[in-house]
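> Counting from 0, one number per residue, gives the positions in the sequence shown under numbering that gives the first Met the number 0. A virtual CB, placed ideally from N, CA and C, is assigned to each residue, including glycine. From a predicted model like this one, the values you see are computed outputs, not experimental measurements. What follows is a single structure, and I will ask about it in a moment.
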Amino acid sequence: MDSAPSPRNHSESGMQVCVRIIFKGSRFLRNATLLRCPVCGTQPLFVSLNRVKSLYDWSTPLDGCSKCGFPYDREVGYFLFAVWSFSYLSSVLIGFAVYLALSVFTGWGFNGKLSFTIGVMFFTGVLFLRHAKAYFIALDHFLDPHEKSAP
Ligand SMILES: [Zn+2]
């Protein structure tokens, strides 16, 4: 009796695929946390802190990786979702937590609590901007790998 070979005999098993995806995702997550290229993990996504002179320098990624050539900014408006989802959402969640903590642990009035909370939200929004973009680049490359086109 002749049986046709299963396609699984020539490819990875389901477990191997899962392990490979988990390793790949954790590598992308680690590189994004370290603000490094999601592909090679060696080159920075942004200019170094000692060269930041403006909010633009702080928030704008470099054009691409100098080692592997991976482009960080694919198109105009690419980071709009990243800013609104990751950065804005984290700022709002932290703002709620700060406002609740101030309400519970201080006797501040409404205007004081609101002013302090807005200040914290603005600060955390700017602070998380780089990581929001880095996580977005990593997530986008994980879900939709961007391969260099052949010359
Ligand atoms: Zn790279």
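Using a Cβ-Cβ cutoff of less than 7 Å, which residues in the same chain neighbour SER45 once the five nearest sequence positions on both sides are dropped?
With the sequence shown as reference, residue 45 is identified as Phe, and Ser is not the correct amino acid for it. Closer than 7 Å at the Cβ level, and outside the excluded window around PHE45, lie LEU34, PRO60, LEU61 and ARG129.
> Using DSSP with H/G/I as helix, E/B as strand and the rest coil, what is ARG35?
strand
> Taking 7 Å as the cut-off, does the CB of PHE27 come closer than this to any heavy atom belonging to ligand 1?
no
> Do VAL103 and CYS64 have their CB atoms nearer than 8 Å?
no
> Quick one: measure Cβ to Cβ for PHE95 and LYS132, integer angstroms, because I've assumed they're closer than 8 Å.
With 8 Å as the limit, PHE95 and LYS132 do not qualify as a contact, their Cβ atoms being about 23 Å apart.
> Whose CA, out of ILE136, PHE141 and LEU142, lies closest to the CA of PRO70?
With distances taken between Cα atoms, PRO70 lies closest to ILE136.
> If you count every other CB in all the chains shown that lies within 10 Å of the CB of LEU88, and 16 or more means buried, which is it?
exposed
> I'd like to check one pair, LYS66 with THR32: are the Cβ atoms closer than 8 Å?
no
> Return the chain-ordered list of same chain residues with a C-beta closer than 7 Å to the C-beta of VAL51, the five sequence neighbours on each side being excluded.
TRP57
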